[in-house]
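K.L.:
Below is a structure I'd like to ask you about.
Residue numbers (our numbering): 54 to 246.
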């Protein structure tokens, strides 16, 4: 993950026109860029000065010539300690490779560690199994259904509501801990204590 840069606006313009991204995510972020700002460069400054969101770009390791998506925390409420999560993969080659899971995990860690959030929420269209599975892999629990709350393809769809608490994020982090060989001969690095 890296911060949004002015040169990323070209990618945003491309993603805002992509029917697959629109159908799977229905991103308000991209809709505002496309319809409110009319893809104007001032959108970048608006993102930087908006204290209610953190926008990060998802980049893959070698072999990719452009970013593969976005991860963001939005509607951040520092006093109450919660925010909403949105992760979108915009390159079809990046789907099912763990980028969405990893991006969601890392930005959630940022929310807890840096912003001091105690809760993160996400909403997913009922037909978006990839996002549903990604959230579950990161420890999010389905907390409810907003009946016919989303509109795509000329019809209304249920939205699944997911949430995770700080202690659940910490537990996920403990489960995912990587044990590296220690310098010197103390202990067996393959067996965590």
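We put the CB at the ideal spot given by N, CA and C, even for glycine.
Who pairs with residue 126 in a beta bridge, going by DSSP?
P.N.:
107 and 138
K.L.:
Let me make sure I understand the geometry here. Which of 203, 96, 227 and 132 has the alpha-carbon closest to that of residue 76?
P.N.:
The closest CA to that of residue 76, considering only 203, 96, 227 and 132, is found on 203.
K.L.:
Which whole-angstrom value is the C-beta distance of residue 56 and residue 141, which I expect to be below 8 Å?
P.N.:
Wrong, their Cβ atoms sit about 17 Å apart, outside the cutoff.
K.L.:
Can you give the Cα-Cα distance for residue 145 and residue 71, rounded to whole angstroms?
P.N.:
11 Å
K.L.:
Expressed to the nearest angstrom, what Euclidean distance is found between the alpha-carbon atoms of residue 110 and residue 58?
P.N.:
9 Å
K.L.:
What does a CB cutoff of less than 8 Å around residue 160 pick up in its chain, not counting 5 residues either side in sequence?
P.N.:
54, 107, 109, 124, 125, 126, 138 and 140
K.L.:
For the alpha helix (DSSP H) that residue 66 lies in, which residues bound it at each end?
P.N.:
62-69
K.L.:
In three-state terms, what does DSSP make of residue 92?
P.N.:
coil
K.L.:
In three-state terms, what does DSSP make of residue 147?
P.N.:
helix
K.L.:
Please specify which runs of the alpha helix (DSSP H), each continuous and at least 4 residues long, are wholly inside the segment 173-234, giving them in chain order.
P.N.:
182-190 and 219-228
K.L.:
Within 8 Å, do at least three Cβ pairs link the segment 194-209 to the segment 157-171?
P.N.:
Output reads no: the segment 194-209 does not touch the segment 157-171.
K.L.:
Could you tell me the distance, in whole angstroms, from the CA atom of residue 243 to the CA atom of residue 222?
P.N.:
Because residue 243 sits at a pLDDT of 40, beneath the cut-off of 50, its placement in the model cannot be relied upon, and the following sentence gives the value as read from the coordinates. Approximately 24 Å, taken between the alpha carbons.
K.L.:
Should residue 117 be listed as close to the ligand PLP, given that the test is whether its C-beta is under 7 Å from any heavy atom?
P.N.:
Among the components of this structure there are no ligands whatsoever, and the ligand PLP is therefore not found.
K.L.:
Mapping DSSP to helix, strand and coil, what is residue 171?
P.N.:
In the three-state reduction of the DSSP assignment, residue 171 falls in the coil class, being assigned neither a helical nor a strand state.
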